[in-house]
Amino acid sequence: MNTFAEALATNSFSPAATGRSERTIPASKSELEQRYRRVRRFSGKLCETLEPEDYVIQTMPETSPVKWHLAHTSWFFETFVLKQFFPDYHSMHPQFGFLFNSYYNAVGPFYSRPHRGLLSRPTVKEVFHYRADIDLLVSDLIESADEQLLAKLEPILILGLHHEQQHQELMLTDVKNVFWQNPLRPTFRKRDKIETSTVPPIEWLKSEEGLYWVGHEGSEFSYDNEGPRHRAFVPAFCLASRLVTNAGFLAFMEDGGYRRPELWLSLGWTAVNERGWDSPLYWEKRDGRWFTMTLAGMTELIPEEPVCHVSLFEADAYARWSGARLPAEEEWETASSGLPLKGNFVESELFHVAPLASPASAGKPAQMFGDVWEWTRSSYSPYPGYSAASGALGEYNGKFMCNQYVLRGGSCATSQGHIRRSYRNFFPPDARWQFMGIRLAKDLV
Ligand SMILES: [Fe+2]
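In our numbering, the protein residues as written are 323 to 767.
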């Protein structure tokens, strides 16, 4: 199964086709090296509280052990930077190509994804040594590069760093699932007590019908699935001024939401019954009170927080119950126009959603960025004019444009420097282990 975070490994070295960058002026060596070190260091920082045993476990086929993420992101730089550009490069671990290639057939054979948790070797210590070796060589390469080489290196390094940031988010969501499986419910990071205040009611913010530009604009990096930029006709609609809260979702549950087939898509109703869903992932009722698993361990459910860890099916059923629907991705992008890319991202180090701090202002929606990836009702499909690159690059994004839905806005596990207004995350409709939440929309009739 694909996740967006796995969609970057190819054996081609055409960065313009792998990502999308129109920059013509390379960054300075020091800028590039600093950015490289900053992102790579953050992966290590996220691991500060982990013990060796925590790095190895894989709880679901969709998740990967932290150790695998750390090695795979280093394999990326080894494969696409060092092997291509470092003079007479000789890999110290040729077998790592098999272990840490994600699933790109054109790159070569790879180890079974659902079995990554069976690998006790290389050890965690060896993987950190591997990372350090790669970092040293990449730094050497940047420092020794002439202007021509630097211009080639820069887009691939930037791509590799965005790739690493995607895996940093997965490390957090995957280790949360590991800790959830453990009855001890360990703590990844302690969290201060959250101050809450009453969340204002949802306001419905009207957007006029019209032809709107959609997709990535500008010269900074984006993934190819964010383009081509194009015009889309968006009928008039209303968008909710804030995310759906735990209190809102509890009302749905208490109204029999998980027991009423008329609220559910057929596949969703099947999932509810086959998997025994009766609440979002990580919720647990104890003595009549709801608790939820966080990266700070089990905590009592905070009604004001945005509901999190729901599938598209649950988001859709909730929307139907409340007389609304999920937004289309073009609506979400239109409504986010002009909003600053600010929110509860991983840099806040809460590693969890936060209650709305201040209400929407001047008719603008709040919580659009950070906290939770917001499900849209849009199938993940190509924009008009999109075509996947040929060869290995065709495996990058295009081949995953089936049976998945688009999510927007980033989460509390996303790096702020990684998100864009045009960013299209995508997951299957039954996925719940990412920080996924709900914003409602309504037709204007
Ligand atoms: Fe990857």
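For glycine and all other residues, C-beta sits at the position ideal for the given N, C-alpha and C.
query: If we ignore side chains and look at the alpha-carbon of each, how far apart do Gly-549 and His-538 end up?
result: 6 angstroms
- prompt: Where does the unbroken alpha helix (DSSP H) through Lys-474 begin, and where does it stop?
  reply: 469-503
Selected residue, minimal CA-CA separation from Asn-504, among Thr-616, Lys-512, Ala-679: Considering only alpha carbons, the answer is Thr-616.
message: ligand 1 and His-485: does any heavy atom of the ligand fall closer than 7 angstroms to the residue's C-beta?
response: yes
C-alpha distance - Pro-602 paired with Arg-581, whole-angstrom precision: 14 angstroms
query: Within this structure, are the beta carbons of Thr-736 and Phe-673 separated by less than 8 angstroms?
result: no
task: Return yes when the C-beta of Ser-424 is under 7 angstroms from any heavy atom of ligand 1, and no when it is not.
output: yes
task: Report the rounded CA-to-CA distance for Ile-516 versus Met-620, giving the unit in angstroms.
output: Near 14 angstroms, if we compare the C-alpha coordinates of Met-620 and Ile-516.
- prompt: Is it true that the CB of Pro-751 sits closer than 8 angstroms to the CB of Ser-588?
  reply: No. Outside cutoff.
task: Would you kindly work out how many angstroms separate the C-alpha atoms of Glu-542 and Ser-709, rounded to a whole number?
output: 20 angstroms
- request: Go to Phe-555, then tell me how far its beta strand (DSSP E) extends in each direction, as first and last residue.
  value: 552-556
query: From Phe-501 to Val-378, what distance separates their C-alpha atoms?
result: 12 angstroms
query: Apart from the five residues on each side of it in sequence, which residues of its chain come closer than 6 angstroms, Cβ to Cβ, to Asp-480?
result: Before going further, note that residue 480 is Ile rather than Asp in the sequence given. Annotation for Ile-480: Phe-543 place their beta carbon closer than 6 angstroms to its own, counting only its chain and skipping 5 residues before and after.
field: Contact test: His-489 Cβ vs ligand 1 heavy atom, cutoff 7 angstroms
entry: The answer is yes for His-489.
- prompt: So Ser-701 is in the beta strand (DSSP E); what residue range does that whole segment cover?
  reply: Start and end: 695-701.
query: What first and last residue would you give for the beta strand (DSSP E) that runs through Lys-664?
result: No beta strand (DSSP E) contains Lys-664, which DSSP labels as neither H nor E.
Proximity of Val-388 and Leu-372 at Cβ, strictly below 8 angstroms: yes
Whole-angstrom C-beta distance between Glu-531 and Ala-558, which should lie under 8 angstroms: 4 angstroms
- prompt: From the DSSP output, which residues share a beta bridge with Arg-611?
  reply: Arg-608
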